[in-house]
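Which chain is which? The protein sequence lines are Y and F, in order. Just so you know, we're using my numbering here: the first sequence kicks off at 1485 and counts up by one. Just so you know, we're using my numbering here: the second sequence kicks off at 151 and counts up by one. Contents: one structure, followed by commentary.
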Amino acid sequence: MPLVCSTVGKGKTLLGWSIAFCLWAVMGVSVSWAQNATIRGFVIAEEDGESLQGVNVVLDDLRGNLEGGATDGDGFYLIPGITPGQYVLRATFIGFATYVDTLTLEPGARLLRNIEMSSGSVEMDEIAVEAERESGAARVTAGLQSVQAQDIELVPAPDVSGDLVSYLSTMPSVVLMGDRGGQVFIRGGEPTQNMTMIDGMDVFQPFHVLGFYSAFPSEIVSRADIYAGGFGNKYIGRISSVIDVYTRNGNKRALSASASMSPFTSAAHLEGPLLRDRISILGSARVSTLDQFASQYIDAPLPFKFNDFFGKIHARVGRSTQVSVSALSTYDRGTLISEDDFFQRSDAIAWRNTAIGGRYLVAPAALSVLGEVLVSYSRLDSEFGPPGDPTRTAVLETVNTAVNMTNYVGNSEVNWGFFLKAPTTEAELDGLFQNVQTKRFLTSHTGAYLEPEIYLRNGLYIRPGFSVQAFGTADISFEPRLRVRWEGGIHHLSGAAGIYRQHILGVSDRRDATNIFTAWLETPVHEGMRAVHVLLGYRVEPAPWMEVSLEGFFKDMDNLFIGEWTAFPSFTTRLQQAFGQSAGFDLRLELRRPAFYGFINYGYSNTLYEVIPISEASIDPGKFRPPHDRHHQLNALLATNLYGFDVSVRWQFGSGLPYTRVEGFDGFILMDGVVNVDEVRGFPRVIYESIPYQAVLPAYHRLDISVERSFSSPGGLEVTTQVGLLNVYDRTNLFSLDLLTAQRSDQLPVIPVAGVKIGF
Amino acid sequence: MDSLLQRPACTEKSAISTSHTHNRWWLLFGLFSVFVLLAGCEDSVDPFKGTELPYTIWGFLNAGTDTQFVRVFPIRDELIPDVNVDLDARVYSTDLTTGERREWIYERVDFDTLIEGHLYWSAFRAEHSHRYRLEVMSPEGEVTSSEITVPSEIEFHVDIRENSTKFPVRIIGDIPNLVGLRVTYNAVNVPPQLAWPVGTPIADAVALPVSIDYRNVVEQTDDGWEMLIDMRRDYTAVREVFRLNCLVTDELGSAPDLWLRGIEFAALAADSSWDPPGGEFDPNLLSVPGTFSNVTNGYGFFGAGQAISQGWTPTVNVSLDAGFNFEAQCQGISPVPIPSCMDPPVPCVGERLPGLWRIWLR
């Protein structure tokens, strides 16, 4: 593959390092293993040509020695350093017949063996099969939880098709502000501190305004890697978390399509071969239908519109090369302000995500290397204000070029790469933040990383890494990180630690839950926002059908920026610098019985902020809880099949979020000289508690139920029907509380839903 | 969405009583039903914490006037006050030096529906160097109070020169704080009679007083304070204010121009308590209750001082020398294009919001 060494703009140092490492990584490692054989390839499903992740590919030398590993997200495997001789190649995966082949490997041989696996039973013992699972509600490794489409489908939703955000809402690390707003907080971090990607493309605001939906319907999702923290050096530029979504490639053997309808959305998806076994296409479209259907029978305003479109073309160019082009577009519009707003505001929020990107994947024959080249363009347009005449607008866009490489060395691998981004921000804030200068800001963001995963012995893997990044004129920053895991039978230990930096700042006025407009700016401080993560987890499988995990975390965050609390009941504020810590733990239990599937998890989190007062004369409130600090979260899900119906029940509980109480209202006159108080009007004033966020809103809890059944018709059509009830016991969960008027806005009441999906 | 008061209380919902049955399933079902009914109840939330403090007061004793004023705000539990209701508090002042106590007269001033104007006044002249106590007393006997000392008498002099754009000012006396130090230029724009090209909207002639803050210019001396009013320097700021209000065009020298009607110097020789934290009158900061207050059992600020001011009209030559010009340079269509007139005086605000423009600026 072509090795494109970085043209990093920050300085020759970074460029020199990249070149030196390229040479070492490609030449040095390869030469040292020249006399041994290597086997590699891609594993796909025979039925549709889709890549299979997590397939165990093992070489058996017939003397009891096994070598191998699991395929990655692209279905790729590579076994290097094989002593020449005769072997049996075996590939096993849940739900597929075991693939067996006999090989004779010559010295220096570099064999490419792509594997197609056909559906069928697996003759393996149960423990081995369970060990292959890549995802699971309790399967968390150093902050990482992988989610697959079938996991998403288990969560009750107002649609026949699932959505990734529904699954996110069941995770103990994730706090959603409610069933609207599209704001996702992960372990104390702000939404703008999360990195969300789809096929390597940045998506800056992927969650729809109605909280049941995101840009990731389950039809297109192959898997999503969700790092609640402690993520590796491959992910640079965010300080809280990573949601890395990989989409399916599309059926390369047959045309497949579906259409669905529910009171909330209408959706369709299409996939099929453009060139059989070579090129496939995958498309998905979803449009909200709230105004036509749901709003007709729900006793609550639903002033939301949204849609999302996704398309992907994937090609297997050669036996060891893949190319794909993906494109995503989402649109949201709505207002979170209640209809009888005291101030008669009619402000609406709207945003549009646009992303397009290409991915080139190659496993060159001569090298024990898997290479990936990503090129993408992402843009987010946001606006806020009266419909048709927005007063605040913001744009964030970036062009991203990245190279990610994996060198395979024995049981270990070396991951490395570099990237070049050109982020641009632009904002018109109408004075929202009085002390922020808005201008078009275009800069360069370059970086490189090295992250080997080394297998030591006795199941111990360590993944030390470091990255360097240069953002605009800021100094080069180094970010050392470490991920460790130990697998000892049924016991698993994992941990992660690292330093993270972010130079693009997303700011929202958190004083007002109904205003989710986010402006993107360059961080006011040169060194950017910084976070330190420390995670430690333990996971155990006391029985093949049971898994329990416990993970603790600590985050130290610096150079945050939040809106200032002032006594003016104004719609503008000033940004003030803050720092904080977040600590807590997640406890998860997952049960997988033949009769049912279920999990229950509990998350505890405690986040505290401190501000650096804008003026020395300001009252320092000390440590306080930010408005997204939910201390306790409990999620339980039970899925079973009763009389041929798939029944899924989910209950979620979240303790109350903090808010600032009001002591009273009076008036304020600025006494800055000869002030004629008989003539000067003055301003209404709110007397808040001196320390913000001391009070706690009511707890949130909700029960959702869905019942689903699929029917196959003789013509090959598959019809899936679903009925359900969201918020079964009609809990009046609070969404927002206007501190000035005591007006409350509640989340959705009990909602009966019904949907149908027809596909082939 | 409902207001809190309109929500039914949880206790109003009835629970399903479980029957005395031995069937555990029915028991479980009953318990679940109770749970569901109870869980569905709404938890009320009251964002109003309340406070024991009764009043907020704003005002000052002015040793330079014969009538004193103070505004009183009751600390309420609603953002929007009922502005048509008189305040039943009583206000007293006591000269602690002489012991004289007087009750102030109440008057309600109508501003708008968002702000209330409970004004108290008393016709007396505050004596220099006397200490006063102001009390606001509620019908229940709660008292909000403040004590201040009126500064000693001062003298000031503005040297109004007829051939210079600079005017020295001296303020003599024991003055703890000098606040509100401003020089106000009562200027008006001079629009052309015609604009080029023909049909271009022309800005109205608008009088827009522009105050220049001299707080950072004044210097303390052994016997008081002194400063220098610099018309030429201030002209740049005045013109910028007019430009931001779309009353003059961008290019200096193009039409319309500014003319000066008069200058006014004003300041307040204030007592020692009139010293905001950080030395800045930052409304974002000072609006935080308690940040800048000398009031007991309440919020606000009640100061004392002597207001001083002097106004004059500079000579024509001085005004011209400072940069003001009473003639519009661009008089409409010219047979020869004048570059400085190519940028027509479009009233950008007025063009979009003609009504608002006139309300704001007239």
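We treat Cβ as the ideally placed atom computed from N, Cα and C, and that holds for glycine.
1. Please check if any C-beta of chain Y sits within less than 9 angstroms of the C-beta of F:Gly323.
2. Can Y:Thr1814 and Y:Pro1690 be called in contact, C-beta distance under 9 angstroms?
3. Please list, in chain order, all residues of the same chain as F:Tyr364 whose beta carbon is under 7 angstroms from its beta carbon, the five residues on each side excluded.
4. Would you verify that the beta carbon of F:Thr248 is, or is not, closer than 9 angstroms to some beta carbon of chain Y?
5. Taking the C-alpha atoms as reference points, what is the distance between Y:Glu1703 and Y:His1798?
6. According to a CB-to-CB cut-off of less than 9 angstroms, which residues of the stretch 434–446 of chain F neighbour chain Y?
7. Shorter than 9 angstroms from the beta carbon of F:Asn234 to some beta carbon of chain Y?
8. Are any of the Cβ atoms in chain Y nearer than 9 angstroms to that of F:Asn366?
9. Compute the Euclidean distance between the alpha carbons of Y:Gly1672 and Y:Ile1983, then round it to the nearest angstrom.
10. Kindly give me the distance between the Cβ atoms of Y:Asp1683 and Y:Tyr1730, rounded to whole angstroms, as I take these residues to be in contact under 8 angstroms.
11. Leaving out the 5 sequence neighbours to the left and right, which residues in its chain are closer than 6 angstroms to Y:Asp1865 when beta-carbon positions are compared?
12. Is it buried or exposed for Y:Arg2077, if we count other Cβ within 10 angstroms and need 16 for buried?
13. Quick one, which of Y:Ile2153, Y:Gly2138, Y:Glu2192, Y:Thr1522 has its alpha-carbon nearest Y:Ala1847's?
14. Nearest by alpha-carbon distance to F:Arg382: which of F:Lys316, F:Gln370, F:Val259 is it?
15. Please state whether DSSP places Y:Arg1623 in a helix, a strand or coil.
16. Could you check if Y:Tyr1583 is buried or exposed, using at least 16 other CB atoms within 10 Å of its CB as the buried criterion?
17. What does Y:Phe2149 reach in chain F if we use C-beta pairs closer than 9 angstroms?
18. I'd like to know whether the C-beta of F:Ala276 is nearer than 9 angstroms to at least one C-beta of chain Y.
19. For Y:Ala1811 versus Y:Asn1791, is the C-beta distance shorter than 9 angstroms?
20. Given F:Leu402, which residues of its chain have a CB within under 8 angstroms of its CB, disregarding the five upstream and five downstream residues?
21. What does F:Ile265 touch in chain Y if you count any residue whose Cβ is under 8 angstroms from its own?
22. Y:Asn1899: which of Y:Asp1831, Y:Glu1937, Y:Gly1552 sits nearest, CA to CA?
23. Counting only runs of 4+ residues fully inside the stretch 1536–1616 of chain Y, write out the alpha helix (DSSP H) ranges in chain order.
24. Closest to F:Leu264 by C-alpha separation, out of Y:Phe2149, Y:Leu2181, Y:Ser2197, Y:Gly1818, would be which residue?
25. Output, in chain order, the set of chain Y residues within a Cβ distance shorter than 9 angstroms of F:Lys316.
26. Specify the secondary structure class of Y:Pro1636 as computed by DSSP and reduced to three states.
27. Based on the DSSP output, what are the partners of F:Glu285 in its beta bridges?
28. Taking only the alpha-carbon atoms, compute the straight-line gap between Y:Arg2114 and Y:Leu2075 and give it to the nearest angstrom.
29. How big is the Cα-Cα spacing for F:Gln370 and F:Ile379?
30. Does DSSP put Y:Val1705 in a helix, in a strand, or in coil?
31. Short check: CB of Y:Leu2218 to CB of Y:Pro2182, under 9 angstroms?
32. Can you check DSSP and say which residues form a bridge with Y:Lys1796?
33. Taking only three categories from DSSP, how would you classify F:Asn212?
34. Between the stretch 1692–1709 of chain Y and the stretch 2016–2026 of chain Y, do at least 3 Cβ pairs fall closer than 8 angstroms?
35. What is the residue span of the alpha helix (DSSP H) that F:Phe392 lies within?
36. Give the residues from the stretch 453–468 of chain F that approach chain Y closer than 7 angstroms (Cβ to any Cβ), ordered along the chain.
With the given structure in hand:
1. The residue labelled residue 323 of chain F in the question sits at position 173 within the second sequence. Output row for F:Gly323: interface = no.
2. Position 330 of the first sequence, counted from the first residue, corresponds to residue 1814 of chain Y. Position 206 of the first sequence, counted from the first residue, corresponds to residue 1690 of chain Y. Y:Thr1814 is a Cβ neighbour of Y:Pro1690, given a cutoff of 9 angstroms.
3. For this step, residue 364 of chain F is matched to residue 214 along the second sequence. Correct list, in chain order: Leu331, Arg332, Val333, Met377.
4. Within the second sequence, residue 248 of chain F is the residue found at index 98, counting from 1. With 9 angstroms as the cut-off, F:Thr248 does not count as an interface residue toward chain Y.
5. Walking along the first sequence from the start, residue 1703 of chain Y turns up at place 219. Walking along the first sequence from the start, residue 1798 of chain Y turns up at place 314. In a straight line, the C-alpha of Y:Glu1703 is about 16 angstroms away from that of Y:His1798.
6. Hits within the stretch, in order: Asn434, Leu435, Leu436, Ser437, Val438, Pro439, Gly440, Thr441, Phe442.
7. Translated into positions along the second sequence, residue 234 of chain F becomes position 84. Taking Cβ atoms only, chain Y never reaches closer than 9 angstroms to F:Asn234, which makes this a no.
8. Sequence index remark: in the second sequence, residue 366 of chain F carries index 216 (1-based). At a cut-off of 9 angstroms, the C-beta of F:Asn366 has no neighbouring C-beta in chain Y.
9. Against the first sequence, residue 1672 of chain Y aligns to sequence position 188. Against the first sequence, residue 1983 of chain Y aligns to sequence position 499. About 16 angstroms.
10. Taking the first residue of the first sequence as position 1, residue 1683 of chain Y is located at position 199. Taking the first residue of the first sequence as position 1, residue 1730 of chain Y is located at position 246. Correct: roughly 7 angstroms between the Cβ atoms.
11. Locating residue 1865 of chain Y in the first sequence gives position 381, counting from the first residue. In the same chain as Y:Asp1865, and ignoring 5 residues on each side of it, the C-beta atoms closer than 6 angstroms to its own belong to Arg1836, Val1879, in chain order.
12. Within the first sequence, residue 2077 of chain Y is the residue found at index 593, counting from 1. Around the beta carbon of Y:Arg2077, fewer than 16 other beta carbons sit within 10 angstroms, so the residue counts as exposed.
13. Start at 1 with the first residue of the first sequence, and residue 1847 of chain Y comes out as number 363. Nearest neighbour of Y:Ala1847 by Cα position, chosen from Y:Ile2153, Y:Gly2138, Y:Glu2192, Y:Thr1522, turns out to be Y:Thr1522.
14. Within the second sequence, residue 382 of chain F is the residue found at index 232, counting from 1. It is F:Lys316 whose Cα lies nearest to the Cα of F:Arg382.
15. On the first sequence, position 139 is the one that residue 1623 of chain Y refers to. Here Y:Arg1623 sits in coil by DSSP.
16. Within the first sequence, numbered from 1, the residue matching residue 1583 of chain Y stands at position 99. Under this definition Y:Tyr1583 is a buried residue.
17. Locating residue 2149 of chain Y in the first sequence gives position 665, counting from the first residue. Ordered by position in chain F, the residues that pass the 9 angstroms Cβ test against Y:Phe2149 are Phe223, Ile225, Arg226, Asp227, Glu228, Leu229, Ile230, Pro231.
18. Within the second sequence, the letter at position 126 stands for residue 276 of chain F. No, no contact with chain Y.
19. Taking the first sequence and counting its residues from 1, one reaches residue 1811 of chain Y at position 327. Taking the first sequence and counting its residues from 1, one reaches residue 1791 of chain Y at position 307. Inclusion of Y:Ala1811 and Y:Asn1791 in the CB contact set at 9 angstroms is not warranted, their separation being larger than that value.
20. Position 252 of the second sequence, counting from 1, holds the residue named residue 402 of chain F. At F:Leu402 the pLDDT is 45, less than 50, meaning the model places this residue with poor confidence and gives no usable figure here.
21. As a first step, residue 265 of chain F is located in the second sequence; it is residue number 115 there, counting from the start. Those within 8 angstroms of F:Ile265 in chain Y are Gly2151, Arg2165, Gly2166, Phe2167, Pro2168.
22. Taking the first residue of the first sequence as 1, we reach residue 1899 of chain Y at position 415. In this structure, Y:Glu1937 is the residue among Y:Asp1831, Y:Glu1937, Y:Gly1552 with its C-alpha nearest to the C-alpha of Y:Asn1899.
23. You should have 1610–1615.
24. Within the second sequence, the letter at position 114 stands for residue 264 of chain F. Considering only alpha carbons, the answer is Y:Phe2149.
25. Translated into the one-based positions of the second sequence, residue 316 of chain F becomes position 166. For F:Lys316, no chain Y residue has a C-beta closer than 9 angstroms to its own C-beta; the minimum C-beta separation is roughly 23 angstroms.
26. Along the first sequence, read from residue 1 onward, the residue named residue 1636 of chain Y stands at position 152. As written in the sequence, residue 1636 of chain Y is Ile, which differs from the Pro given in the question. The three-state secondary structure of Y:Ile1636, taken from DSSP, is helix.
27. Along the second sequence, one-based indexing puts residue 285 of chain F at 135. Paired residue(s): F:Tyr242, F:Ser295.
28. For the purposes of this step, residue 2114 of chain Y is taken as the residue at position 630 of the first sequence. For the purposes of this step, residue 2075 of chain Y is taken as the residue at position 591 of the first sequence. In a straight line, the C-alpha of Y:Arg2114 is about 26 angstroms away from that of Y:Leu2075.
29. On the second sequence, position 220 is the one that residue 370 of chain F refers to. On the second sequence, position 229 is the one that residue 379 of chain F refers to. Cα to Cα, F:Gln370 sits roughly 15 angstroms from F:Ile379.
30. For this step, residue 1705 of chain Y is matched to residue 221 along the first sequence. Under the three-state reduction of DSSP, Y:Val1705 is assigned to strand.
31. Taking the first sequence and counting its residues from 1, the one referred to as residue 2218 of chain Y is at position 734. Taking the first sequence and counting its residues from 1, the one referred to as residue 2182 of chain Y is at position 698. Cβ distance < 9 angstroms, so Y:Leu2218 and Y:Pro2182 count as in contact.
32. The residue given as residue 1796 of chain Y occupies position 312 in the first sequence. Y:Lys1796 pairs with Y:Leu1766, Y:Ser1810.
33. Position 62 of the second sequence holds residue 212 of chain F. Note: F:Asn212 maps to strand in three-state DSSP.
34. With a cut-off of 8 angstroms, the stretch 2016–2026 of chain Y and the stretch 1692–1709 of chain Y do not count as touching, because too few Cβ pairs lie within range.
35. Counting from one through the second sequence, the residue named residue 392 of chain F turns up at place 242. That run of the alpha helix (DSSP H) goes 381–394.
36. Within the stretch 453–468 of chain F, the qualifying residues are Gly453, Ala457.
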